[in-house]
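In full-length UniProt numbering, the protein residues as written are 1 to 1117.
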Amino acid sequence: MVASISKPMNAKALETYHSKDNYYSQGDGLENSQWQGKFSEHQGLTGRITAEQWQQACNGKDNQGQALRRQQKNSRAGWDITLSANKSASLKALVDQDPRVLEAHRQAVTATVNYIEEHCIFAQVKQQGQVISEQTKQGQFALFKHDDNRNQEPQLHTHVVILNQTLCVDGKSRTLDSRELFNQKKTIGAYYDHSFAHQLHKQGFEIDWTGEHTFEIRGYEPEQLESFSSRRQDIRAYLEQQNIQLEQATEHQKQIACLESRTAKVHKLTPADHELQRESWKRISAELNIIHPQPQQDLERAYTRDSHPGSIQTVIEAAIESATAHQVAVSRPRLLQDCLRHAQAFYSPVEIEQALEQSEELISTDDGRLTTNRAIQREQLILEVANNGQESREALVTPEQVNAIAQEKGLNEGQAAGLLHMATSTDQITLLQGNAGVGKTYTLSAFRDVLDENAQQRLRGLAPSAATSEVLGQEAGMQSSTVDRYLLIPNKQLQRDEILVIDEAGMLSTQQMAKLIEKANDLSSRLILVGDTKQLSAVQAGAPFRLLQERSQLKTVTIDENLRQVTPQLKEAVDLAAEQQSQAALEILDGHGCVKEIPVLKARNHSVAKRYLSRPHERQVQTLIICDTNQDRQDITHQIRAAYIDRQTLGTEAQVIEMLHPKNLDKNAIAQAYSYEVGDVVRFRRSTKQFPEPYYRVVDVQPNRLKLQDRFGEVKDCPIDKYKDREVFSAQEIELRVGDRLRFTRNHREWGQINGQLFTIDSFNPDGTISINTKGKIERLTPDQLVHVDYAYCRTVYAAQGWTAQEAIWAPGKSPGKEQTYVALSRAKSELEIVTTDRTGLGLSAQFSRGQENAQDLIEVPVRRRDTELLKLQQEVKAWLAQDRPEQPDLAVGERLKQRVSQLSVQRSDLVFDCREQQQELEEMGPQRSLFNWSGERPEVIEAKRQLLHESQQQLSQVERTLRKAQRQLQGWQGQMDAYQKWDEDPQTELMREKARQLQESQVQSRLQDLTMAYELHTNVLTILKQAGSQEGSAYVYRGERYLLRLDGTELRVWQNEIEEPILEMLDLRSAGGYLEVRQMKVTKDGYQDIATAAQSFEYRYQVKQSIDHYGPSFSR
1 MVASISKPMN
11 AKALETYHSK
21 DNYYSQGDGL
31 ENSQWQGKFS
41 EHQGLTGRIT
51 AEQWQQACNG
61 KDNQGQALRR
71 QQKNSRAGWD
81 ITLSANKSAS
91 LKALVDQDPR
101 VLEAHRQAVT
111 ATVNYIEEHC
121 IFAQVKQQGQ
131 VISEQTKQGQ
141 FALFKHDDNR
151 NQEPQLHTHV
161 VILNQTLCVD
171 GKSRTLDSRE
181 LFNQKKTIGA
191 YYDHSFAHQL
201 HKQGFEIDWT
211 GEHTFEIRGY
221 EPEQLESFSS
231 RRQDIRAYLE
241 QQNIQLEQAT
251 EHQKQIACLE
261 SRTAKVHKLT
271 PADHELQRES
281 WKRISAELNI
291 IHPQPQQDLE
301 RAYTRDSHPG
311 SIQTVIEAAI
321 ESATAHQVAV
331 SRPRLLQDCL
341 RHAQAFYSPV
351 EIEQALEQSE
361 ELISTDDGRL
371 TTNRAIQREQ
381 LILEVANNGQ
391 ESREALVTPE
401 QVNAIAQEKG
411 LNEGQAAGLL
421 HMATSTDQIT
431 LLQGNAGVGK
441 TYTLSAFRDV
451 LDENAQQRLR
461 GLAPSAATSE
471 VLGQEAGMQS
481 STVDRYLLIP
491 NKQLQRDEIL
501 VIDEAGMLST
511 QQMAKLIEKA
521 NDLSSRLILV
531 GDTKQLSAVQ
541 AGAPFRLLQE
551 RSQLKTVTID
561 ENLRQVTPQL
571 KEAVDLAAEQ
581 QSQAALEILD
591 GHGCVKEIPV
601 LKARNHSVAK
611 RYLSRPHERQ
621 VQTLIICDTN
631 QDRQDITHQI
641 RAAYIDRQTL
651 GTEAQVIEML
661 HPKNLDKNAI
671 AQAYSYEVGD
681 VVRFRRSTKQ
691 FPEPYYRVVD
701 VQPNRLKLQD
711 RFGEVKDCPI
721 DKYKDREVFS
731 AQEIELRVGD
741 RLRFTRNHRE
751 WGQINGQLFT
761 IDSFNPDGTI
771 SINTKGKIER
781 LTPDQLVHVD
791 YAYCRTVYAA
801 QGWTAQEAIW
811 APGKSPGKEQ
821 TYVALSRAKS
831 ELEIVTTDRT
841 GLGLSAQFSR
851 GQENAQDLIE
861 VPVRRRDTEL
871 LKLQQEVKAW
881 LAQDRPEQPD
891 LAVGERLKQR
901 VSQLSVQRSD
911 LVFDCREQQQ
921 ELEEMGPQRS
931 LFNWSGERPE
941 VIEAKRQLLH
951 ESQQQLSQVE
961 RTLRKAQRQL
971 QGWQGQMDAY
981 QKWDEDPQTE
991 LMREKARQLQ
1001 ESQVQSRLQD
1011 LTMAYELHTN
1021 VLTILKQAGS
1031 QEGSAYVYRG
1041 ERYLLRLDGT
1051 ELRVWQNEIE
1061 EPILEMLDLR
1071 SAGGYLEVRQ
1081 MKVTKDGYQD
1091 IATAAQSFEY
1101 RYQVKQSIDH
1111 YGPSFSR
């Protein structure tokens, strides 16, 4: 589960909500409540919470009424984290009234609160005019256990209220910095779930894990759980009204649905109310024939035990491998989540945390994440082989031969330099950096031509994808394959001393590069790596091509003359993006009307489809639609196909076939029942006696085994933890019509299919085959040969890399980085349209890299560069904090105003109705009784009715005046809220908050303190030199008993007599608009104090001397 965390609540809201929502009270105590946390204990708060304690705590006071934090009206009093048991555990605990489950829940909550206190409790501390974050590990928690949901169904859950006060190391209490709570929402939820599951597992309950990695107690039928889950049905119904399926909804969408669909809370005030509710639950349970599961006995568990994940070290190693498969460094909470997922409740979260702390595989990075020794070793292997291979080969040809081919081919200066580098290098590994659209493939074809016949026979082209390798083979004339396919070939089947040309080398992962370099080294082959570090990197972890360029001793030659773009503004923008100036590139395009903003995503996607469809057909086929997300790709594709069907661009006959979508399961998930559904397709990579066919359909899923059906209808059992060299696909229907444009999504060499290869549907044949047109040929395929396909009307940015089109339309996602922006901008030759939901956000997001990292960069940050960046960051954040900003209006005030306006509106409506009724009654009375109208109403009755109407009208006027006043107040409050939300949601605010957060990191604060000390040292040393230094050549020098000080121009150095190298070395670049650059600082605290004292002494002597010189000696002074 993801822990549910409320918005901050003020004292009144917090106090009222949780005291009412606690169902009933006994005496002064709030029933089912409990204090927890070190700061609670510090205040003497333990056991059940009393009403008086709760009131004081909500108002930020201790037991004696002393303030624990600044007292401000409607200030934040705390946050509510809800930890909810799953439905099966709720039924077992509350309907079957099993105390073991209740105790397991209690222990899980306690363990989770301990985790929150240890990792998420930070104080806001003001230092030198700035508010920084300080971890305190001192929390004040109020726990309230409840047993039903708003629909009066069994739902065991505990509200963990985190009071907005903590105790700092200096003994003072301060308010909380809540950011880490929200950062770790998922981890907190996972910690509770796995603590709970571990306790139940120890007691003998069988556990079934779900795809979201929550769990249920085995033994309940899904229909039985659903019957007690009307809240889930309410949420599903609400989402379906928004055209969103519950299973596909994001956590944010689910949260909104939960809030919008809930009913008012019903509070039970007496134990009798509870008893009546339990009896109702038991009656429904009996009607559903529920037999509550019981824990297994030891002998029974021995025969039916679930697959054990292995030792705790095995669990940790598997989790590390999984977590770092796609990034070289992960946060500790994210790694903990993966460890819990792998542990499957066999180990407690506390045991997992201890094992993580003891792991020798993990290394802390400078920014607080974790990388691995394995990642460092792979990078070191790559660099070691690269550096050792320098000048170990003969040049392939002479420079004269290169010049002749360059002239013959008409190569430009950059291409000729690249060709010369590849052909004459004497290194085992050669690096060629080529920006987008500079003609790298053409340069490679010239490289092939410059080689003699013997060398050409040893030439092999490699690429990350089959499509790129095919282009390499066709356009550069090389025998080519994918890198992965080459790595699978045994060394004994390969010739030695090959020339391996790797195109798109920037898309290789560190693991691929390490294997490739190791293989090439074993076979004495040379590697020529050609790629672009500025474009998208590998899906897997690492950026080894950039690593070689930045950290090896190898020379890199760059080809940077852009030959692709033909319109001036597009060429200028792409050139700027190549220089990592993405925002400037977007501004150029925006200035030429190429950027359109449509804030609503659905409308934006509709506009993209409309722009594409408005073009003539010959332009449509030359236009590439690029999307950042698959969801946008599918949405735009659906709209284009719908229009084509209406226009009869596509055929009238439709045929529906199945396509397979990979689930991309890791080693752990592949052996878990929750990863499979009936209808999934399993593909075995290797043929075995039990499973000789490649494809099987899942027809049944059991906790420890699958039932698989082959194409002949035979069903076989597959133990879920056996035959794990398999892939799993979900089967989805896809409609085909004549004229549809599609692409293959998988390599299938037996059928001549390459991942990314385009084709169109030509016809549907009577024999059930489908004719396709691909590469200018007509082929007849069975539906089974079209299972790995998808529509090709749009591409993701990742799939578009390596492709070129005459025109392009880009639909950016929420936060594209530099790499995505560069790829998207550089695909089109002549025209590019960008249709975004947020023009400003796009410009800000495109400034940041989202590419893969290298582990060595994360544990070895260059200090010089970082100091400058930190000081600039500090100045930028200071300036931002000093700016005026809208204050967040009090939410409780707004709620009261809304209620007031609503109440007054109802009151006004009632009075208007009363006045109309009274007026009508008065008119119906007619003239009053008189001498000539004996049938009329008596005068006193009519006068009484008139007086009543008059009073109602006066009351109506008063209510209307009050309503107008309240409406004005509400409008004023809403205006403040709108201004605050606009500021709060502004991408610039988000960016500066992120920068402010970075500034508060402990490593950054420590370095800034060092820099502050360095600046003070620089000032004090200059004071000493000014007062007591002597000139020696161009330098000023002071030689003291312990220290030697020297200033030479802008360079300042300090030596301690017994140490040879300087203990302080600084360069003053401030006169040129820079900063003090700290090159070396090894000054101890005592040394710092010695220099400061000496500076004060010399300054004092100078002032005394100046005074004597001016006034003369005086005994009174």
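For glycine and all other residues, C-beta sits at the position ideal for the given N, C-alpha and C.
Query raised in the report: Name the DSSP bridge partner or partners of Q716?
Result: Rather than Gln, the amino acid found at residue 716 in this sequence is Lys. Partner(s): L708.
**Report entry** Beta-carbon proximity of Q428 to R526, cut-off 7 Å
**Finding:** yes
Report task. From the DSSP output, in three-state form, read off C627 for me. Result -> strand
Query raised in the report: By how many angstroms is the C-alpha of S348 removed from the C-alpha of K202?
Result: 10 Å
**Report entry** Completely contained alpha helix (DSSP H) runs for the stretch 710 to 782, where each covers 4 or more residues
**Finding:** none
Requested in this report: Output the distance between the C-alpha atoms of K7 and S826, rounded to the nearest integer angstrom.
Outcome: 43 Å
Query - At least three beta-carbon pairs within less than 8 Å, the stretch 800 to 815 to the stretch 540 to 554 - result: no
Query - Residue closest to K571, alpha-carbon to alpha-carbon, out of D635, L589, A77 and L948 - result: L589
Query - For Q296, the three-state DSSP class (helix, strand or coil) - result: coil
Query raised in the report: Under a three-way DSSP split, which group does W810 fall into?
Result: strand
Query raised in the report: Just the Cα atoms here: how many angstroms apart are G506 and S480?
Result: 18 Å
Query raised in the report: Okay, do the stretch 837 to 855 and the stretch 874 to 893 touch, 3+ Cβ pairs below 8 Å being the bar?
Result: no
Query raised in the report: Which whole-angstrom value is the C-beta distance of R683 and F712, which I expect to be below 8 Å?
Result: Between F712 and R683 the Cβ distance is about 17 Å, and since that is not below 8 Å, they are no contact.
Requested in this report: Work out the CA separation of Q294 and H788 for me, nearest whole Å.
Outcome: 45 Å
**Report entry** Straight-line Cα distance separating Q569 from E831
**Finding:** 9 Å
Query raised in the report: CA-CA distance, residue 1128 and P694?
Result: Because residue 1128 is not part of the residues shown, which for the chain are 1 to 1117, the question remains open.
Query raised in the report: Anyone know if the C-beta pair for Q622 and Q433 falls short of 7 Å?
Result: no
**Report entry** 7 Å Cβ cutoff met for Q155 and S90
**Finding:** yes
Requested in this report: Run the CB neighbour count on N454, radius 10 Å, all protein chains shown included, and call it buried at 16 or more, exposed below.
Outcome: exposed
Requested in this report: Alpha carbon to alpha carbon, how far is S75 from V906? Give it in angstroms, no decimals.
Outcome: 31 Å
Query raised in the report: Does the separation of the CB atoms of A654 and E735 fall below 7 Å?
Result: yes
Report task. Could you tell me which uninterrupted alpha helix (DSSP H) segments, each at least 4 residues in length, are contained entirely in the stretch 172 to 198, listed from first to last along the chain? Result -> 179 to 183
Requested in this report: Write down the C-beta distance between F88 and L288 rounded to the nearest angstrom, noting that I regard them as a contact closer than 8 Å.
Outcome: Checking the sequence, you will find Ser at residue 88 rather than Phe. Contact doesn't hold; Cβ gap of about 13 Å is too wide.
Query raised in the report: Are the stretch 776 to 783 and the stretch 508 to 527 in contact at 8 Å, needing three or more beta carbon pairs?
Result: no
Query raised in the report: Counting Cβ pairs closer than 8 Å, one from the stretch 200 to 218 and one from the stretch 59 to 76, do we hit at least three?
Result: no
Requested in this report: Could you pull the start and end residues of the alpha helix (DSSP H) that C339 belongs to?
Outcome: R332 to A343
Query - contact_flag[the stretch 910 to 922, the stretch 948 to 955] where n(CB pairs < 8 Å) is 3 or more - result: yes
Query raised in the report: Beta carbon of M1081, beta carbon of H1018: below 7 Å?
Result: no
Requested in this report: Identify whether Q36 lies in helix, strand or coil by the three-state DSSP scheme.
Outcome: strand
Query raised in the report: Under 7 Å, do A77 and N164 count as touching if we go by C-beta distance?
Result: yes
Requested in this report: Write down the C-beta distance between V595 and I809 rounded to the nearest angstrom, noting that I regard them as a contact closer than 8 Å.
Outcome: Actually they do not touch by this definition, with Cβ atoms about 12 Å apart.
Query raised in the report: Residues in its own chain within less than 8 Å of T441 by CB, not counting five upstream and five downstream?
Result: V471, L472, E475, A476 and D503
Query raised in the report: From L494, V438 and L431, pick the residue whose C-alpha is nearest to that of V501; which is it?
Result: L431
Requested in this report: Spatial neighbours of K995 within its chain, please: CB distance less than 7 Å, with the 5 preceding and 5 following residues excluded, ordered by chain position.
Outcome: L873, E876 and V877
Requested in this report: Give the DSSP-derived three-state secondary structure of K965 in the structure shown.
Outcome: helix
Query raised in the report: With a CB to CB cut of under 6 Å and the five nearest residues on each side skipped, what residues in its chain are close to I81?
Result: A3, I5 and V160
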